[in-house]
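Enquirer: What follows is a structure written as structure tokens; I'll ask about it next.
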Amino acid sequence: MRQWLRAQFRSVYERVLRYEITGAPSHVAVIQDGNRRYARNRGSDATDGHRAGAQTTERVLDWCSELGVDELTLYAFSTENFERPRVEREHLFDLLEEKLYEFADADRVHEDGVRVRAIGDTERLPDRVQEAVEYAEHRTGDYDAFTLNVALAYGGRTELLGATREVAAAVERGDLDPGDVTAATVEDRLYDGAVRDVDLIVRTGGDERTSNFLPWHANGNEAAAFFCTPYWPEFSKIDFLRAIRTYEAREASWRQTRAKRALALVRALGGEVKEARRVLDRLREHLPESIEDEGMDERPVD
2 MRQWLRAQFR
12 SVYERVLRYE
22 ITGAPSHVAV
32 IQDGNRRYAR
42 NRGSDATDGH
52 RAGAQTTERV
62 LDWCSELGVD
72 ELTLYAFSTE
82 NFERPRVERE
92 HLFDLLEEKL
102 YEFADADRVH
112 EDGVRVRAIG
122 DTERLPDRVQ
132 EAVEYAEHRT
142 GDYDAFTLNV
152 ALAYGGRTEL
162 LGATREVAAA
172 VERGDLDPGD
182 VTAATVEDRL
192 YDGAVRDVDL
202 IVRTGGDERT
212 SNFLPWHANG
222 NEAAAFFCTP
232 YWPEFSKIDF
242 LRAIRTYEAR
252 EASWRQTRAK
262 RALALVRALG
272 GEVKEARRVL
282 DRLREHLPES
292 IEDEGMDERP
302 VD
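In this note's numbering, the protein residues as written are 2 to 303.
Structural data, given as structure tokens:
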């Protein structure tokens with residue numbers, strides 16, 4: 002009876018969360034932590050935890066499709082993971098190879114137009130995993146409806162260091178003037194193809210840190226962060242919806258802050274800028290009544 006009541010509560014809570022969410026972030030990045038602890042708590046070895054985590058990954062892809070997320074990045078294998086015991090590393094490589102081929106051939110991937118690609122120092126991976134990466138990228142390279150980035154042999158500092166070295170080499174060759182180096186110059190050298198700015202980082206397993214994950218696209222965009230205690234194999238749709246709700250609350254707060262700042266500037270320049278009235282009217286459309294009540298209903302003078 003207790004399990005039935007718990008299931009009913011979760012079902013109702015999931016519907017409530019879904020009702021509260023009005024949209025979805027464009028790019029979600031996930032740090033899939035806790036596979037080994039999940040297995041250890043059940044008296045199993047790490048390989049069982051990683052395989053259970055792979056099943057969660059497939060469910061998350063379905064949830065992204067349902068909510069309208071455009072891009073998902075999974076932290077699958079970090080540069081630090083090379084320090085794990087050889088047996089565990091080899092199992093991870095087996096699992097990555099298996100899942101990359103499986104995704105590349107899955108009907109739903111082709112039906113939904115999912116592009117699969119790897120980011121990171123993939124040349125450090127075994128040849129068999131590199132071949133699986135190439136296969137998946139080749140099979141799905143023409144799709145653009147949804148992008149699945151798999152971070153392999155990935156480290157945020159290493160990523161930025163590599164891009165910086167490429168810029169320095171271009172300057173040294175005379176192909177690039179130092180004065181022409183911009184943010185876009187660096188970003189173009191990070192990945193093979195554009196990556197959207199990260200809107201939301203999710204980390205499971207209880208740790209509240211982002212582990213230098215996607216520093217350029219997440220920190221630069223001041224992405225929202227959601228930390229939760231379930232291990233990755235236990236991560237549920239309710240957890241995912243709560244993460245999306247956190248993102249929406251953060252976005253609403255930022256929109257109000259930006260609107261307030263812009264509104265204050267418009268009011269300060271109201272007597273000098275002819276367009277001030279029209280700008281103010283447009284801003285009002287994005288402000289809740291609570292902000293308008295804070296003495297901000299005054300219009301600038303033409």
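All residues carry an ideal CB built from backbone N, CA and C; glycine is no exception.
Model, not experiment: these values are computed from the prediction.
When you compare each of Thr159, Val199, Leu73 to Thr148 by their alpha carbons, which one comes out closest?
Expert: Leu73
Enquirer: If we call anything under 8 Å between Cβ atoms a contact, is Ala225 one with Arg251?
Expert: In this structure, Arg251 lies closer than 8 Å to Ala225 by Cβ.
Enquirer: Could you check the C-alpha separation between Ala25 and Leu18 for me, to the nearest Å?
Expert: 13 Å
Enquirer: His28 lies in the beta strand (DSSP E); which residues open and close that run?
Expert: 28 to 32
Enquirer: Going residue by residue through the segment 86 to 130, where are the continuous alpha helix (DSSP H) segments of at least 4 residues, counting only ones entirely within it?
Expert: If we require 4 residues or more, the alpha helix (DSSP H) runs fully inside the segment 86 to 130 come out as 87 to 106, 108 to 112.
Enquirer: Can the beta-carbon of Glu98 be found closer than 8 Å to that of Ala133?
Expert: yes
Enquirer: How is Asn213 classed by DSSP in three states: helix, strand or coil?
Expert: coil
Enquirer: Count the other C-beta atoms from every protein chain shown that fall within 10 angstroms of the C-beta of Leu162, then say buried if there are 16 or more, exposed otherwise.
Expert: exposed
Enquirer: Using a 10 Å radius around the Cβ and a threshold of 16 neighbouring Cβ atoms, would you call Tyr39 buried or exposed?
Expert: buried
Enquirer: In the DSSP output, what is Asn150 paired with across the bridge?
Expert: Thr74, Arg118
Enquirer: Please confirm whether Val117 and Val151 have their CB atoms less than 8 Å apart.
Expert: Taking the C-beta atoms as reference points, Val151 is found nearer than 8 Å to Val117.
Enquirer: Could you check whether Ala219 and Ala30 sit closer than 8 Å to each other, using their CB atoms as the reference points?
Expert: yes
Enquirer: Do Val199 and Ala164 have their CB atoms nearer than 8 Å?
Expert: No, the Cβ-Cβ distance between Val199 and Ala164 is not below 8 Å.
Enquirer: Any idea what DSSP makes of Phe236, helix, strand or coil?
Expert: In the structure shown, the three-state DSSP call for Phe236 is coil.
Enquirer: If the criterion is Cβ atoms closer than 8 Å, does the pair Tyr136 and Ala105 meet it?
Expert: yes
Enquirer: Return the bridge partner residues of Arg204 from the DSSP annotation.
Expert: Ile32, Phe228
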